[in-house]
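Residue numbers (our numbering): 6 to 69.
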């Protein structure tokens with residue numbers, strides 16, 4: 006689902022800040038799991054569907 010959003014959505018959803026330690030945004034967690042350092046790099050990876058599938062598969066395997 007995030008691959009579809011990255012391929013077609015141009016805007017990040019932004020929330021409001023709460024008090025205390027800042028939470029990790031969903032997109033930042035996806036970037037960390039995919040091993041990329043920028044949103045543009047993540048979006049380019051999602052546009053290459055074969056590369057995206059391999060990345061997602063590796064993320065799932067490393068989590069289990």
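Positions of the beta carbon are idealized from the N, C-alpha and C atoms, including for glycine.
- Going by DSSP, residue 67 is part of the alpha helix (DSSP H) stretching over 54-68.
- In the three-state reduction of the DSSP assignment, residue 29 falls in the coil class, being assigned neither a helical nor a strand state.
- Only buried fits residue 60, as 16 or more other CB atoms lie within 10 angstroms of its CB.
- Taking C-beta atoms as the reference points, residue 63 and residue 12 fail to come closer than 8 Å.
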